[in-house]
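Contents: one structure, followed by commentary.
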């Protein structure tokens with residue numbers, strides 16, 4: 401059976417759901433959109449499929465609206481049931497999944513006559529370009545055709561560490577991801593556990609273990625052994641009256657550095673106007689940006705301000721900064737500074753930070769800085785051979801279970817998804833230079849093996865991280881969804897006409 405659509409979106413996590421909602425909200429008839437999701441629920445993905453009340457958003461509710469032009473939409477939605485919810489509250493992630501589903505349903509219900517949404521629950525096995533569009537093959541044997549296809553694939557499972565596993569990977573003592581069904585069910589309450597990774601995925605796993613009454617020691621290991629910092633507690637005051645000025649100065653200094661680099665490129669190109677194949681160089685260095693950042697944070701601290709304001713103020717220019725860095729400079733950042741950026745940028749809710757502190761004080765959570773060298777499966781344990789940071793001699797840590805909390809695999813060649821593998825093998829797509837996602841044009845079009853943008857194939861969200869860096873959080877994804885929806889509608893001869901909708905009921 402074959403169905404003809406205008407737009408096919410593969411994946412109904414946050415990225416796909418927000419894009420579908422934007423299309424439905426902005427389209428004039430006729431328009432047919434298919435949102436293909438292999439899971440049972442829409443709007444969930446890995447991030448919001450949790451059922452635990454302990455898993456909270458790491459962005460305040462006041463900044464989590466689905467709509468760019470209605471920033472309090474999510475907050476109003478929450479206040480239908482909890483009228484006193486402040487903008488600074490950190491809502492349950494499962495509630496945000498419900499919210500995204502309600503946004504999609506509301507958008508479909510209010511769409512113009514003839515604007516239709518189909519939501520087949522199926523798995524895409526192949527995507528191939530045709531003379532006038534794209535054909536999508538499904539595991540059920542059905543197929544869809546459309547003028548445009550959008551890969552909204554979200555986050556993949558973590559990759560197994562490329563170390564000798566000694567039989568551990570094939571055993572029930574190793575768990576590739578904490579999000580896989582049944583991962584924690586086989587872990588006894590008194591058994592010791594090693595969590596590989598110390599970022600937000602590890603934090604969620606500790607919370608889940610605690611919810612199950614786990615009493616054994618939990619070890620967590622990463623290269624630097626650092627936990628994410630907490631957000632500022634609700635109601636905490638920043639005493640520095642000069643803080644807004646300092647933030648403006650920070651943005652000005654960063655932009656001055658970017659302008660200096662752009663001027664240098666312009667002068668170089670003007671000196672060689674006839675040179676063919678010259679790749680514009682960038683003189684913006686990670687070291688320069690870091691130095692500017694440190695100066696501003698120090699200045700804020702001296703004035704009694706909070707360093708979080710300086711980090712958050714970079715958000716509007718993070719992507720332009722990333723794009724001004726040369727590939728060697730990006731690699732330098734990933735190698736030396738990524739861990740420090742992550743713990744400052746992707747923070748925990750204050751109440752979750754309190755739980756982590758309590759576990760550490762009680763000795764239930766032990767942090768390790770180091771690198772895993774290999775595993776060896778033993779009759780009643782896994783022997784983890786590791787090298788602690790700053791120590792020459794390897795050590796062995798014995799635990800009953802190992803859970804991979806390193807975060808999603810980003811390299812499209814290693815994600816294990818048939819649709820990506822097929823596109824890469826056919827030359828219809830290619831990985832970005834850093835292997836962090838797909839190579840894309842500025843509008844989200846997928847680049848083929850020759851570097852040419854596709855006329856029919858697009859992507860958004862985590863698959864664009866190598867090109868954009870800041871592309872995994874809702875505030876960035878909703879902007880991408882809005883811009884891509886507008887582009888697709890224009891290509892179909894439509895223009896945005898809708899106005900913001902009122903908050904949906906929970």
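Residue numbers (our numbering): 401 to 906. Every residue gets a Cβ at the ideal spot worked out from N, C-alpha and C, and that includes glycine. Bear in mind that the values here come from a model prediction, so they are computed numbers and not experimental data.
- Residue 592 and residue 799 do touch by the CB rule: their CB atoms are close to 4 Å apart, below 8 Å.
- Counting only the Cα atoms, residue 430 lies some 56 Å from residue 699.
- Closest by C-alpha distance to residue 842, out of 834, 852, 836, is 852.
- Per the DSSP secondary-structure output, residue 795 pairs in a beta bridge with 786.
- According to DSSP, residue pairing for residue 575 in a beta bridge involves 803.
- Assignment of residue 726 by DSSP, reduced to helix, strand and coil, places it in the coil class.
- Using a C-beta cut-off of 8 Å, the segment 744 to 761 makes contact with the segment 604 to 615, since at least three inter-stretch Cβ pairs fall below that distance.
- Look at the segment 449 to 502 and you find these whole runs of alpha helix (DSSP H), each 4 residues long or longer: 473 to 479.
- The DSSP assignment places no complete run of the alpha helix (DSSP H) inside the segment 416 to 455 (cut-off: 4 residues).
- Secondary structure at residue 735: helix, using DSSP grouped into helix, strand and coil.
- The Cβ-Cβ distance between residue 423 and residue 446 does not fall below 8 Å.
- When DSSP reads this structure, residue 563 sits in no beta bridge, so it has no partner.
- If you draw a straight line from the Cα of residue 510 to the Cα of residue 425, it comes to about 7 Å.
- Just so you know, the alpha carbons of residue 702 and residue 795 end up roughly 42 Å apart.
- Between residue 817 and residue 559, the C-beta spacing is not below 8 Å.
- At least 8 Å separates the beta-carbon of residue 455 from that of residue 466.
- When DSSP states are grouped into helix, strand and coil, residue 547 belongs to the coil group.
- Assignment of residue 404 by DSSP, reduced to helix, strand and coil, places it in the strand class.
- Contact holds between the segment 754 to 773 and the segment 622 to 630, because three or more Cβ pairs, one in each stretch, are under 8 Å apart.
- The secondary-structure analysis by DSSP pairs residue 770 across a beta bridge with 788.
- Counting of Cβ neighbours within 10 angstroms places residue 581 among the exposed residues, the total staying below 16.
- In the DSSP annotation of this structure, the continuous segment of the beta strand (DSSP E) that includes residue 537 starts and ends at 534 to 538.
- It is roughly 16 Å from the alpha-carbon of residue 744 to the alpha-carbon of residue 705.
- In the structure shown, the three-state DSSP call for residue 744 is helix.
- Using a 10 angstroms sphere on the CB of residue 740, the tally of other CB atoms stays under 16, which defines it as exposed.
- If the five residues before and after residue 453 are omitted, its C-beta is found closer than 6 Å to the C-beta atoms of 492, all from its own chain and listed in chain order.
- Comparing C-alpha distances from residue 570 to each of 522, 777, 837 shows the shortest one belongs to 777.
- For the pair residue 721 and residue 772, the CB atoms are not nearer than the 8 Å cut-off.
- By the Cβ rule, the segment 809 to 816 counts as touching the segment 833 to 850, because three or more pairs are nearer than 8 Å.
- Rounded to whole angstroms, the gap between the alpha carbons of residue 887 and residue 879 is 12 Å.
- The beta-bridge partner set that DSSP reports for residue 776 consists of 783.
- Around the beta-carbon of residue 736, fewer than 16 other beta-carbon atoms lie within 10 Å, marking it exposed.
- Judged by DSSP secondary structure, residue 854 falls outside any alpha helix (DSSP H) and instead within the beta strand (DSSP E) spanning 853 to 859.
- Judged by beta-carbon spacing, residue 884 lies beyond the 8 Å limit of residue 868, meaning their Cβ atoms are not closer than that value.
- Nearest neighbour of residue 459 by Cα position, chosen from 891, 875, 892, turns out to be 875.
- In this structure, DSSP gives residue 863 a helical state, which the three-state scheme calls helix.
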